[in-house]
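One structure is given here, and the rest of the page talks about it.
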Amino acid sequence: MKLAINLPLMVYWGALGAAVGLLGNRGIPDEQAFDILTDSSGAIGPARMRQASIIELLKTGTSGVSNFAIDQALKDISLLAAWRKDKAS
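Numbering of the sequence shown is given in our numbering, commencing with residue 917 and proceeding in unit increments.
The structure is reproduced here in structure tokens:
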């Protein structure tokens, strides 16, 4: 169950970062980009709540908030790869 929940969230957060980067390349400040994206129909519930810590991370390199470590994300992705390999055989 955890894997089924975390995989789409990892995709969402990665896509959100890419979208903010695209808007930033067009001269739109990170805060405004997040306001636009978290008000869209594509936003997930926690996006608005985490906006401040993500912007802090972009500006300073640290946010002081961590709910999901990258090593856990990599573990989940390797579990998915193993599952797919098992299903293919």
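Quick reminder that beta carbons are idealized off the backbone N, C-alpha and C, glycines included.
For Asp-951, the enclosing alpha helix (DSSP H) starts and ends at 946-954.
Of the residues assessed, Leu-932 falls on the buried side of the cut-off, its CB having 16 or more other CB atoms within 10 angstroms.
In the three-state reduction of the DSSP assignment, Gly-958 falls in the coil class. In this structure, DSSP gives Gly-937 a helical state, which the three-state scheme calls helix.
For Ala-935, the closest of Asn-922, Leu-923 and Ser-956 by C-alpha to C-alpha distance is Ser-956. In this structure Ala-997 is not in contact with Met-926, their Cβ atoms being roughly 13 angstroms apart against a cut-off of 8 angstroms. Counting other Cβ atoms within 10 Å of its Cβ, Thr-954 reaches 16 or more and is therefore classed as buried.
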